[in-house]
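J.: Pasting a structure here, questions to come.
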Amino acid sequence: MSVSIRSLTKKYGSQIVLNDISLEIGSGEVVGFLGPNGAGKTTTMRIVCGSVPYNSGSVRVCDYEVCDNPLKIKSVIGYLPEQNPLYPDMYVREYLKFVANIFNIKNKSQTVENLIDTVGLRTECNKRIGQLSKGFRQRVGLAQVLISNPKVLILDEPTTGLDPNQLDEIRSLIRELGKDRTVILSTHIMQEIKQICNRVLIINKGEIVADFADLKNMKDFDTNSQLVEIEFVKSISVDKLLKINNLEIKENIDNRIFKILSTTDVRGDLFDLAVETNNKLLTINKLENSMEDIFRNLTK
55 MSVSIRSLTK KYGSQIVLND ISLEIGSGEV VGFLGPNGAG KTTTMRIVCG SVPYNSGSVR
115 VCDYEVCDNP LKIKSVIGYL PEQNPLYPDM YVREYLKFVA NIFNIKNKSQ TVENLIDTVG
175 LRTECNKRIG QLSKGFRQRV GLAQVLISNP KVLILDEPTT GLDPNQLDEI RSLIRELGKD
235 RTVILSTHIM QEIKQICNRV LIINKGEIVA DFADLKNMKD FDTNSQLVEI EFVKSISVDK
295 LLKINNLEIK ENIDNRIFKI LSTTDVRGDL FDLAVETNNK LLTINKLENS MEDIFRNLTK
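Here the sequence shown stands for residues 55 to 354, where the numbers follow this note's numbering.
Right, here's the structure in full:
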């Protein structure tokens, strides 16, 4: 496992920020880390990076215990905080060579030029960082964390404040980066989860409340599934309703009003059922499958 957390607890005074959390993240996973403000996302990321101590538990990155191997951990992790720490008066190429020197990278010039192409900075590489748009500054930050070719990338709100074009470009870049390394991505933008990640962790009040390990196969997130609200005049047998293929009941009010999830068009089957039971179908209303609703249900 690239990242292994066991029974991690973090306190600030008497306040528990992380409460006995455990998770495993393997190589090649792009994991979305969701949670409301103050839930513990950034604290967890900083602990994994070795920049914040913890009270108890175990945190291992690439088989190294974080608290015992701080320098080794920093050599295998690339961390981009929400507030991108750059030197605005330095030129892009100059800054990346400066970072390469810190990491004592061999073939610094070639490494920097390759990264400039990788993150799409070729047209901006002769500018001062302070002259760049926020989207290009984010690219500089990504190039910086890739200098040491880390096995694990931790990105804290990497797309905050970007315009739609910049969003698409940075998301595409993160997807590419995730093909050969582990990426942990913190975000408040729900659309990013389906566009970038193949797994979702939701944290609330310092605890992991959901781990969707196979996002593409989750019915609640599957764009091929339909969430439908139906209403009958009279109550109807739940057993008979469940005999309809590919139908799952998500909510039942008095055996008369249902929210159902289906992977096929079941309208004809519903009408047939109404006729069979001498009932009437008042409404069939397709609802939008909303990740925001799932997030709210888990964190409210």
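All C-beta atoms, glycine included, are put in the ideal place defined by N, C-alpha and C.
For the candidate residues Thr331, Leu296, Glu261, Lys259, whose alpha-carbon lies nearest to that of Phe286?
T.: Along the sequence shown, read from residue 1 onward, the residue named residue 286 stands at position 232. Phe286 has its Cα closest to that of Thr331, out of Thr331, Leu296, Glu261, Lys259.
J.: Opposite Tyr339 in the DSSP bridges: which residues?
T.: Here residue 339 corresponds to residue number 285 of the sequence shown, with the count starting at 1. The amino acid occupying residue 339 in the given sequence is Asn; Tyr does not appear at that position. DSSP output for Asn339 lists Glu283 as bridge partner(s).
J.: Just verifying my parser: in three-state terms, what is the DSSP assignment at Val292?
T.: Residue mapping note: residue 292 aligns to position 238 of the sequence shown, counting from 1. In the structure shown, Val292 sits in a helix (DSSP, three-state: H, G or I).
J.: Give the straight-line distance between the Cα atoms of Leu62 and Thr96, rounded to the nearest whole angstrom.
T.: For the purposes of this step, residue 62 is taken as residue 8 along the sequence shown, with counting starting at 1. For the purposes of this step, residue 96 is taken as residue 42 along the sequence shown, with counting starting at 1. Rounded to the nearest angstrom, the two C-alpha atoms are 14 Å apart.
J.: Is it right to say Tyr108 is buried, meaning 16 or more other beta carbons lie within 10 angstroms of its own, or is it exposed?
T.: Translated into positions along the sequence shown, residue 108 becomes position 54. Classification of Tyr108: buried, given that the 10 Å Cβ count is 16 or more.
J.: Less than 8 Å between C-beta atoms, sequence neighbours within five positions excluded: which residues of the same chain meet that for Ile257?
T.: As a position in the sequence shown, residue 257 is number 203, starting the count at 1. Hits under 8 Å: Ile75, Phe87, Leu88, Gly89, Ala93, Gly94, Lys95, Thr98, Val263.
J.: Going by DSSP, which residues form a beta bridge with Tyr145?
T.: As a first step, residue 145 must be located in the sequence shown, where it is residue number 91. Paired residues: Arg182.
J.: Would you identify the three-state DSSP class for Asp253, choosing helix, strand or coil?
T.: As a working note, residue 253 is residue 199 in the sequence shown. Contrary to the premise, residue 253 reads as Arg rather than Asp in this sequence. Looking at Arg253 - three-state DSSP - the assignment turns out to be strand.
J.: Are the segment 176-189 and the segment 135-144 touching, with three or more C-beta to C-beta distances below 8 Å?
T.: The segment 176-189 vs the segment 135-144: in contact.
J.: Using the C-alpha atoms, what's the distance from Lys64 back to Ile224?
T.: Taking the sequence shown and counting its residues from 1, one reaches residue 224 at position 170. Taking the sequence shown and counting its residues from 1, one reaches residue 64 at position 10. When rounded, the distance between both Cα atoms is 32 Å.
J.: Distance check for Leu281 and Ile70, CA to CA, integer angstroms please.
T.: Walking along the sequence shown from the start, residue 70 turns up at place 16. Walking along the sequence shown from the start, residue 281 turns up at place 227. Looking at the two C-alpha atoms, the distance is approximately 38 Å.
J.: Give the C-beta separation of Ser110 and Gly80 to the nearest angstrom, bearing in mind that I take them to be a contact with Cβ-Cβ under 8 Å.
T.: One-based indexing of the sequence shown puts residue 110 at position 56. One-based indexing of the sequence shown puts residue 80 at position 26. Actually they are not in contact, since the Cβ atoms of Ser110 and Gly80 sit about 24 Å apart, beyond 8 Å.
J.: Would you check if the distance between the CB atom of Val115 and the CB atom of Ser58 is smaller than 9 Å?
T.: Position 61 of the sequence shown holds residue 115. Position 4 of the sequence shown holds residue 58. Yes, the pair counts as a contact, with Cβ atoms nearer than the cut-off.
J.: Would you mind sorting Phe325 into buried or exposed? The rule is 16 or more other CB atoms within 10 Å of its CB.
T.: As a position in the sequence shown, residue 325 is number 271, starting the count at 1. Phe325 is exposed by the Cβ-count criterion.
J.: So, with DSSP's three-state summary, where would you put Leu216?
T.: As a first step, residue 216 is located in the sequence shown; it is residue number 162 there, counting from the start. Reduced to three states, the DSSP call for Leu216 is coil.
J.: Is it the case that the Cβ atoms of Leu207 and Val199 are separated by a distance below 9 Å?
T.: Counting from 1 along the sequence shown, the entry for residue 207 is found at position 153. Counting from 1 along the sequence shown, the entry for residue 199 is found at position 145. Their beta carbons are under 9 Å apart, which means Leu207 touches Val199 by this criterion.
J.: Using a threshold of 9 Å, state whether the C-beta atoms of Leu216 and Gly174 are closer than that.
T.: Counting from one through the sequence shown, the residue named residue 216 turns up at place 162. Counting from one through the sequence shown, the residue named residue 174 turns up at place 120. Contact: no.
J.: Tell me whether Asn309 is buried or exposed, calling it buried when 16 or more other Cβ atoms sit within 10 Å of its Cβ.
T.: Start at 1 with the first residue of the sequence shown, and residue 309 comes out as number 255. It counts as exposed.
J.: Please look up how many angstroms separate the CB atoms of Leu301 and Ser316, rounded, as I've assumed it's under 8 Å.
T.: Numbered from its first residue, the sequence shown carries residue 301 at position 247. Numbered from its first residue, the sequence shown carries residue 316 at position 262. That belief holds up - the Cβ atoms of Leu301 and Ser316 are roughly 5 Å apart, short of 8 Å.
J.: Assign Lys334 to one of two classes, buried (16 or more other C-beta atoms within 10 Å of its C-beta) or exposed (fewer than that).
T.: If you number the sequence shown from 1, residue 334 lands on position 280. Classification for Lys334: exposed.
J.: Do Asn299 and Val320 have their beta-carbon atoms positioned less than 9 Å apart in this structure?
T.: Locating residue 320 in the sequence shown gives position 266, counting from the first residue. Locating residue 299 in the sequence shown gives position 245, counting from the first residue. Contact flag set, yes.
J.: Using 8 Å as the Cβ pair cut-off and three pairs as the minimum, do the segment 164-171 and the segment 147-154 touch?
T.: Because the criterion of three Cβ pairs below 8 Å is met, the segment 164-171 and the segment 147-154 touch.
J.: Determine the direct distance from the alpha carbon of Phe349 to that of Pro204, and round the result to whole angstroms.
T.: Residue 204 sits at position 150 when you count from the first residue of the sequence shown. Residue 349 sits at position 295 when you count from the first residue of the sequence shown. Pro204 and Phe349: Cα-Cα distance of roughly 31 Å.
J.: If you reduce the DSSP assignment to three classes, tell me which class Gln62 lands in.
T.: What you label residue 62 is simply residue 8 of the sequence shown in a count that begins at 1. In the sequence under discussion, the amino acid at residue 62 is Leu, which differs from the Gln named in the question. Leu62 falls in the strand class under three-state DSSP.
J.: I need the straight-line Cα distance from Ser202 to Gly132, nearest angstrom please.
T.: Here residue 202 refers to the residue found at position 148 of the sequence shown. Here residue 132 refers to the residue found at position 78 of the sequence shown. Rounded to whole angstroms, Ser202 to Gly132 spans 8 Å at the Cα level.
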